[in-house]
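See below:
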């Protein structure tokens, strides 16, 4: 979700040795006992493709249909879309061509750590638009869930109050730009739709953040955080705009959604 390792001073060795636990992530994790949006979807659609079942090497190009790369900023998003297009073009995935696909985009965490507000404002929307346009042009029958960022202001250990507030402002800026990119362009048509699915964005303090971060590298989200994010995305998939959950308390207290035959993604 976030990297910016040089700026954050994260210990490299534990992170490198541990690998990337894509099989346990909140979106496409496919490991046994993992709570993920993908596994929840598969319980209703057993033929679902795209889950990740194994760890991957650090800085790898991904596995399964998870095309995230550690350290990537929004500039790399178009290349990740191209990787998706190329994979879908393989003969073994020909049966997916005309089926509906849900693409989840979660980008911006690295941008807010390695770029200032002016650069983010100048570059983020254009790069996101390029990626979405390529996705719309090359991936038919596509439902895009564009996730917002949680508060990452306490990701840097020992950060001063001014640094924490500056990071928090950049995070809010990224979320504002994500929403405006969706609102300012006409994305939706019969075979393509883009919807903002909010992750809880409320401010959290250092003590709360500590409970959400991995003990391996002190930066990436731990199992608890991934479970919360999975529930947030899953629940918001079935809520109309203006009714989506935006706080941790709302996500925790909400009932798990069990969609029926007349339930639609929003």
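In this note's numbering, the protein residues as written are 1314 to 1579.
All C-beta atoms, glycine included, are put in the ideal place defined by N, C-alpha and C.
Predicted model only: the values in this text are computed from it and were never measured.
Asked: With DSSP collapsed to three states, give me the class of residue 1523.; Found: helix
Asked: Is it buried or exposed for residue 1469, if we count other Cβ within 10 angstroms and need 16 for buried?; Found: buried
Asked: Going by the CB atoms, is the gap between residue 1340 and residue 1417 shorter than 7 Å?; Found: yes
Asked: For residue 1566, which residues does DSSP report across the bridge?; Found: Partner(s): none; residue 1566 has no beta bridge.
Asked: Need the endpoints of the beta strand (DSSP E) that residue 1506 sits in, please.; Found: 1505–1510
Asked: With respect to the beta strand (DSSP E) encompassing residue 1459, which residues constitute its N-terminal and C-terminal limits?; Found: 1455–1460
Asked: Have a look at residue 1351 and residue 1457 and give me their C-alpha separation to the nearest angstrom.; Found: 14 Å
Asked: What's the gap between the Cα of residue 1499 and the Cα of residue 1471?; Found: 43 Å
Asked: Evaluate residue 1571 with the Cβ neighbour count: other Cβ atoms within 10 Å of its Cβ, from every protein chain shown; 16 or more gives buried, anything less gives exposed.; Found: exposed
Asked: Are there any heavy atoms of the ligand NAD lying less than 6 Å away from the beta-carbon of residue 1402, as far as the coordinates show?; Found: For the structure depicted, the ligand NAD is absent and the ligand set is empty, with no information on it obtainable.
Asked: Could you check if residue 1356 is buried or exposed, using at least 16 other CB atoms within 10 Å of its CB as the buried criterion?; Found: exposed
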